[in-house]
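A short worksheet on the structure shown next.
Protein chains: 2
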Amino acid sequence: MTDISMIRAAAERLAGHARRTPLLNSPFLDEIAGRPVWIKPECLQHTGSFKYRGGRSAVSALDPETRAKGVIAFSSGNHAQGVARAAQEFGVPAVIIMPMDAPKLKVANTRAMGAEVVLYDRAGGESREDIGDTLRRERGLTLIRPYDEPQVIAGQGTTGLEIAEQARAEGIDAADVLVCCGGGGLTSGIALALEAEAPGLRARPCEPEAFDDVARSLRHGRIESNPPGAGGLCDAVLTPQPGDITFPIMKRLCGPGMVVSDDEALRAMALAFQRLKLVAEPGGAVALAAALFHGAEIDAPAVICTISGGNVDHDIFERALETLAE
Amino acid sequence: MTDISMIRAAAERLAGHARRTPLLNSPFLDEIAGRPVWIKPECLQHTGSFKYRGGRSAVSALDPETRAKGVIAFSSGNHAQGVARAAQEFGVPAVIIMPMDAPKLKVANTRAMGAEVVLYDRAGGESREDIGDTLRRERGLTLIRPYDEPQVIAGQGTTGLEIAEQARAEGIDAADVLVCCGGGGLTSGIALALEAEAPGLRARPCEPEAFDDVARSLRHGRIESNPPGAGGLCDAVLTPQPGDITFPIMKRLCGPGMVVSDDEALRAMALAFQRLKLVAEPGGAVALAAALFHGAEIDAPAVICTISGGNVDHDIFERALETLAE
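In order, the protein sequences belong to chains A and B.
All the letters of the first sequence, read from the start, carry residue numbers 578 to 903 under the numbering used here.
All the letters of the second sequence, read from the start, carry residue numbers 578 to 903 under the numbering used here.
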């Protein structure tokens, strides 16, 4: 189980590799939100999302002999790139199983980072688990899960250590920390770091409508799933349910979940463009959208929001910018 | 005259106010450029451009009695916002003379920062100098020039102190530092800082076509102007000629100027979006464009580029993104 000592150890392994992203703000956003809004822009992290932290943490935690045989991951996007880059840095093989209909750019980027990409036919019913199991056995690869993996959670938690330190430097001693949430790796990691380092700061998961499994699970005290078949713009955070490891941590430490619409995520992307000069992807903008457009659900005097990633195609970004013309 | 001790003093006055922007990179940009490319993203600075450094430096250098009467500046954009924010922080009046046809957003932002905006009819032949002189005399305001002003150059030079320190931390001991250049305030400030702190790094001004006054002036050893009447996308760097104070500094310290097309600036903006998750304005992307598309003019083993600002309207940004679809 991930605990604060694992997060601190991950921070040591990540030092000099992961970027320490800044803490930003804008008076214009404060005005919209009605309270000070601080931004932790993990879109500026290597590979364009916080997933590099977890990937590097997990790969660096393997014993050298195991690591040398290589790693394998399932992902259509950010986790793929995070694991691929970490493996490339260690000079070990990475196999990433991606759906055939994954965005071409994400496939190309993952290949460019030296990974072997194996495409599977999601629609045709091919099982990525079967493909992965076979490859894993044949080559002795280690599976790096995207969130329900203690060393991945520890890596994402280093974001929380930085937030705690930066909040202290800015004199923020009470705030809700709004976290873009899929399976809960980033949220639970940040929650553990804040528990130890900044007890006045409380993590709250933020999700898109129709993928509010974490909010509902927290409300009802048990893991709930999303109805199958839903889709949406926020591809980075569309997970079926909270993780078995991440949920108990969130249940113990997090405040209530917040839920935003795809349109609110697009408007938050546009404001990040205009006021912060940052590129956010839809799933990476849900926490900022919650801060800006759901202030009535927040009691804390200030908020800190992750922008968890910026890997967005230009046509979706243009849709976001169009909200500025309205 | 600005010297390194003035830059160091400005850095002390800016500490805790100006942001220390990070130094970023991307393997994808290295590949395009054929050498390591590092980015100093001043678009992440307060007000969205490096101009806040010069504004805060100049306003903070005034004696309190003079400062209390207020400051005045001429600007259609970034300098306006930099001075307005600095004045607001000190609680002193700022009057900004802006052309009637300045972008509405820049006028609105400047007003939102508490400045009194006086619009003049550029096309109708009104003289902003006459308007400014009258206001200055009547109210005892101090004029803050956009670049030919020692304390402004000192403020911009703090960017160079950070570059020198960050380059050392990354082990970069020889590089061309490509700087987006209008009147030369940022370029000359960085050049002075590098001379003192990083002698293996050399500043080079980068300009858009038809506004290559600094490149030509450096080549011919004397101040040359741009032909009147030219226009272009790179509004932040469209100045008529190098400054009387900035030019001698650039002549003594800078390498040859580089010149890029508006189309190259747009393509660099698109790559900053895709690979760095940063919003650059056209004039703020000319240095990155030079690094990516004019590598044959560079002998240095590595380059460091400023992205000097990100205050761009969404329609121009969409034009930049369209270059990704080609």
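We put the beta carbon where it would ideally sit given N, CA and C, even for glycine.
Could you tell me whether the Cβ of residue i comes closer than 8 angstroms to any Cβ of chain A?
i	result
B/Cys757	no
B/Gly625	yes
So is residue i in contact with chain B if we call contact Cβ pairs under 8 angstroms?
i	result
A/Val660	no
A/Leu898	yes
A/Ala842	no
A/Phe894	yes
A/His891	yes
With the cut-off set at 8 angstroms, would you say residue i and residue j are in Cβ contact?
i	j	result
A/Ile673	A/Ile708	no
A/Pro599	A/Asp607	no
A/Leu769	A/Asp580	yes
B/Leu898	B/Ala849	no
A/Ser885	A/Ser634	no
B/Ser652	B/Pro723	yes
B/Asp753	B/Ala877	yes
A/Ile584	A/Gly734	yes
A/Tyr697	A/Arg705	yes
B/Gly691	B/Val729	no
A/Asp839	A/Cys882	no
B/Ala588	B/Leu830	no
A/Lys628	A/His656	yes
A/Asp725	A/Thr816	no
A/Gln851	A/Leu901	yes
Cβ closer than 9 angstroms: which chain A residues qualify as neighbours of residue i?
i	result
B/Val856	Ala849, Phe850, Gln851, Leu853, Lys854, Leu855 and Val856
Can you pull the chain B residues whose beta carbon is under 8 angstroms from the beta carbon of residue i, in chain order?
i	result
A/Ala689	Pro604 and Phe605
A/Cys620	Lys854
Hey, could you find the ends of the alpha helix (DSSP H) residue i is sitting in?
i	result
B/Pro727	Pro727 to Glu747
B/Met846	Asp839 to Leu848
B/Met827	Thr823 to Leu830
B/Thr711	Arg705 to Arg716
B/Met690	From DSSP, B/Met690 is part of no alpha helix (DSSP H); its letter is neither H nor E.
A/Met583	Ile581 to Leu591
A/Leu950	Summary: the structure shown does not reach residue 950 of chain A, with chain A confined to residues 578 through 903, and so no result is reported for it.
Could you pull the start and end residues of the beta strand (DSSP E) that residue i belongs to?
i	result
A/Tyr697	Glu693 to Tyr697
B/Asp753	Ala752 to Cys757
A/Phe651	Val648 to Phe651
B/Val880	Val880 to Ile884
A/Asp672	First, the amino acid is wrong: residue 672 of chain A is Val here, not Asp. Element bounds for A/Val672: Ala671 to Pro676.
B/Ala862	Note, B/Ala862: premise wrong, no beta strand (DSSP E); not H, not E.
A/Lys617	Val614 to Pro618
A/Leu898	Element bounds for A/Leu898: not the beta strand (DSSP E) but the alpha helix (DSSP H), His891 to Glu899.
I believe residue i touches residue j by the beta-carbon criterion, under 8 angstroms. Please report the beta-carbon distance rounded to the nearest angstrom.
i	j	result
B/Gly759	B/Val837	Going by Cβ atoms, the distance from B/Gly759 to B/Val837 rounds to 14 angstroms, so no, they are not a contact pair.
B/Ser802	B/Asp790	6 angstroms
A/Leu755	A/Met835	7 angstroms
B/Gly832	B/Arg781	4 angstroms
B/Pro670	B/Glu693	7 angstroms
A/Ala610	A/Ala868	5 angstroms
B/Val856	A/Val863	Actually they do not touch by this definition, with Cβ atoms about 20 angstroms apart.
B/Gly659	B/Gly701	Not really, about 27 angstroms apart at Cβ, beyond 8 angstroms.
A/Ala866	A/Ala845	4 angstroms
B/Val648	B/Ala664	6 angstroms
A/Leu621	A/Arg644	Between A/Arg644 and A/Leu621 the Cβ distance is about 27 angstroms, and since that is not below 8 angstroms, they are no contact.
B/Ala650	B/Ile721	5 angstroms
Which residues of chain A have a Cβ atom closer than 8 angstroms to the Cβ of residue i, listed in chain order?
i	result
B/Arg596	Pro599 and Leu601
Who are the neighbours of residue i on chain A, taking C-beta pairs under 7 angstroms?
i	result
B/Leu901	His891
B/Gly887	Lys854
Taking 8 angstroms as the threshold (beta carbon to beta carbon), is residue i in contact with chain D?
i	result
A/Thr823	Included in the structure are the protein chains A and B, with no chain D among them.
Does the ligand FAD have a heavy atom nearer than 7 angstroms to the CB of residue i?
i	result
B/Phe667	The model depicted lacks the ligand FAD and carries no ligand whatsoever.
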